[in-house]
Amino acid sequence: MLDLKGNLILVDSEGLAAYGPDGKRLWMRKEWTTPSGTSFSAQDKLWKGAVDSRNNLYLAYANGLLVLNESGELLALKPGRYYPAVLEDGTILISGSAYRVSEGEIKLFAPAYFAERSAYVSEEEEETVSRIDPDTGDLLWTYSLPEHERNMGYSLFNSTLVSDKAGNMYISTTGGSVHSLDQEGNLRFILHVDDKTISGAEVIPLSETRCLVVVGSAILLLETDNGL
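Right under this line is the structure:
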């Protein structure tokens, strides 16, 4: 990945390193240590990188999300596997919730409504989403991707599944398109994204009729009519 100054950030044989446009290595980090003493290796598998308007780096490793300043120094660390979207102001979007770096931590400030996980995407069949009754475990409904999206090789990102206060659900495909369903599993709308890359969208429900959709660097405020 490139930062705002055109420096190349990558994992090499020694660790995470930054190289200037002239090829000169600017810095290298083998590991980071949190104030509590937890260490994190710079050579773990790196899934995704992003940069904000202050040139801070956001690195989604297989075992944690790291926020670094432009010199590679650790600002915050959140253990776990995440595939976030990062806005220019440093807001981090993960599974419909919004986080920001504060006091050396990645803190939640806008939680997703859908927290009980009574809907899920099966690991065996990633083209369908099902909802169960959280009290009885009975299957309530199942929604499957349209045939044309299945034929394109798209599946559903379980980690993008969120809901608004009215129970309307939003989930992204691996192509970035967003499917919205009502409480009964009926399709409300599909927001098509045709960038032909493997990149899920992040949805932040604002109300029953409005939601924020982030796909890569594109941000869309979507408003529906009377929740339909």
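Per my numbering, the sequence shown runs over residues 59 to 286. The C-beta atom is built at its ideal place from N, Cα and C for all residues, glycine as well.
Determine the contact status of residue i and residue j, defining contact as a CB-CB distance below 8 Å.
{"i": "Lys103", "j": "Tyr119", "result": "yes"}
{"i": "Leu280", "j": "Leu245", "result": "no"}
{"i": "Thr231", "j": "Tyr201", "result": "no"}
{"i": "Ile229", "j": "Leu214", "result": "yes"}
{"i": "Asp70", "j": "Glu128", "result": "no"}
{"i": "Lys106", "j": "Tyr141", "result": "yes"}
{"i": "Gly122", "j": "Gly138", "result": "yes"}
{"i": "Lys63", "j": "Asn113", "result": "yes"}
So residue i and residue j are supposed to be a Cβ contact under 8 Å. How far apart are they, rounded?
{"i": "Leu151", "j": "Glu266", "result": "That pair is no contact at about 20 Å."}
{"i": "Arg208", "j": "Glu185", "result": "5 Å"}
{"i": "Leu219", "j": "Met210", "result": "Wrong, their Cβ atoms sit about 20 Å apart, outside the cutoff."}
{"i": "Met86", "j": "Gly73", "result": "5 Å"}
{"i": "Val179", "j": "Asn216", "result": "4 Å"}
Which partner residues does residue i have in the DSSP bridge list?
{"i": "Leu104", "result": "Tyr119"}
{"i": "Tyr212", "result": "According to DSSP, Tyr212 bridges with nothing at all."}
{"i": "Thr231", "result": "Leu214"}
{"i": "Tyr157", "result": "Ile150, Leu166"}
{"i": "Leu124", "result": "Leu117, Leu135"}
{"i": "Thr91", "result": "Ser97"}
{"i": "Tyr141", "result": "DSSP, once it has assigned bridges, lists no residue as partnering Tyr141."}
{"i": "Leu270", "result": "Ile262, Leu279"}
{"i": "His237", "result": "Ile229, Ile248"}
{"i": "Arg83", "result": "Tyr77"}
{"i": "Ser221", "result": "Met227"}
{"i": "Leu60", "result": "Leu66"}
Excluding sequence positions up to five away, which residues of its chain have a Cβ less than 8 Å from the Cβ of residue i?
{"i": "Thr149", "result": "Ala156, Tyr157, Arg158"}
{"i": "Ser97", "result": "Glu89, Trp90, Thr91"}
{"i": "Gly243", "result": "Arg189, Leu198, Trp199, Thr200, Tyr201"}
{"i": "Leu203", "result": "Glu185, Thr186, Tyr212, Ser213, Leu214, Thr231, His237"}
Going by other Cβ atoms of all chains shown within 10 Å of its Cβ, with 16 needed for buried, is residue i buried or exposed?
{"i": "Leu286", "result": "Residue placement at Leu286 is flagged as unreliable, the pLDDT there being 48, under the threshold of 50; the coordinate-derived value follows with that caveat. Exposed."}
{"i": "Asp222", "result": "buried"}
{"i": "Leu68", "result": "exposed"}
{"i": "His237", "result": "buried"}
{"i": "Gly81", "result": "exposed"}
{"i": "Ala224", "result": "exposed"}
{"i": "Ala276", "result": "exposed"}
Might you give, ordered along the chain, the residues of its own chain that have their beta carbon closer than 6 Å to the beta carbon of residue i, omitting 5 neighbours on each side?
{"i": "Leu124", "result": "Leu117, Leu135"}
{"i": "Val273", "result": "Gly234, Val251, Ala259"}
{"i": "Cys269", "result": "Val261, Pro263, Leu280"}
{"i": "Ala100", "result": "Gly73, Leu74, Arg87, Lys88, Glu89"}
{"i": "Thr282", "result": "Thr267"}
{"i": "Asp240", "result": "Asn226, Arg246"}
To which residues of the same chain is residue i closer than 7 Å at the C-beta, ignoring the five residues directly before and after it?
{"i": "Val144", "result": "Ala108, Asp110, Tyr116, Ile150"}
{"i": "Leu84", "result": "Asn65, Ala76, Tyr77, Gly78"}
{"i": "Glu146", "result": "Asp110, Ser111"}
{"i": "Gly130", "result": "Leu74, Ala76, Trp85, Arg87"}
{"i": "Leu278", "result": "Val271"}
Cβ of residue i within 7 Å of any heavy atom in the ligand FAD?
{"i": "Gly130", "result": "Among the components modelled here there is no ligand, and therefore nothing to report on the ligand FAD."}
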